[in-house]
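Student:
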Amino acid sequence: MKHLPKHLQPRWRYLAVEIEAWPDAQFDRGAFQRDLWYAAQNLYGDVGSAETDLTVLSFRFDGGDGETIVRAYRGTEDRARAALATVDAVDGHPVGLRVRGISGTVRACEERYLNGRTGRGKQRDVVFENEPRPAVVRETRVDVEATDGFAGATRLDFE
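Quick note on numbering: the sequence shown equals residues 1 to 159 in this note's numbering.
(1) Which of helix, strand or coil does DSSP assign to F150?
(2) How far does the alpha helix (DSSP H) with L43 in it reach, from first residue to last?
(3) Expressed to the nearest angstrom, what Euclidean distance is found between the alpha-carbon atoms of D35 and V87?
(4) Buried or exposed for L8, please, with buried defined as at least 16 other CB atoms from any protein chain shown within 10 angstroms of its CB.
(5) Quick one: which unbroken beta strand (DSSP E) runs of 3-plus residues sit fully inside the stretch 73-110? Chain order, please.
(6) Can you tell me where the beta strand (DSSP E) with Y14 in it begins and where it stops?
(7) Out of N130, A83, E51 and V99, which has the shortest C-alpha to C-alpha gap to T68?
(8) Name the residue from A108, G30 and K2 whose alpha carbon lies nearest to the alpha carbon of V90.
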């Protein structure tokens, strides 16, 4: 089978996406892809989601932090961002997604926006609600283990 001439090949854009969840959340690329497709389908319908063609390329998620690259057709970047904004949970775990940037190649997307910036948090004990509790500390965020799950806080809440 012959390759298409360059002017007929599809043009892609790559979105660098940061994933934030509670430290005990566990899901994989397949679950993220499925929920992203459902979000795009619910927002745009079958035809609109097919025109955007959102595909998860690289995926890293561990300890509540992660990053991924999502591929979309050129010209549909705004639709892709909107579909990502409607994803509020993956595999039943609440998540927050942030688009760090958009690029024309996977390599440029990784080098400019991702580059393995997410890191696993450190386990620490903090005083929360006048009791010592275990917490996961990540840069400016502190996820405190409460009786009914995690509670989000910042370093300023403890200083």
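A virtual CB, placed ideally from N, CA and C, is assigned to each residue, including glycine.
Tutor: Considering the structure as presented:
(1) Here F150 sits in strand by DSSP.
(2) Per DSSP, L43 belongs to the alpha helix (DSSP H) from R29 to T52.
(3) One C-alpha to the other measures close to 7 Å.
(4) Classification for L8: exposed.
(5) 93-103, all fully within the stretch 73-110.
(6) From DSSP, the beta strand (DSSP E) with Y14 extends over W12 to A21.
(7) Taking only the C-alpha atoms, the option nearest T68 is V99.
(8) Selected option, being the one with the closest Cα: G30.
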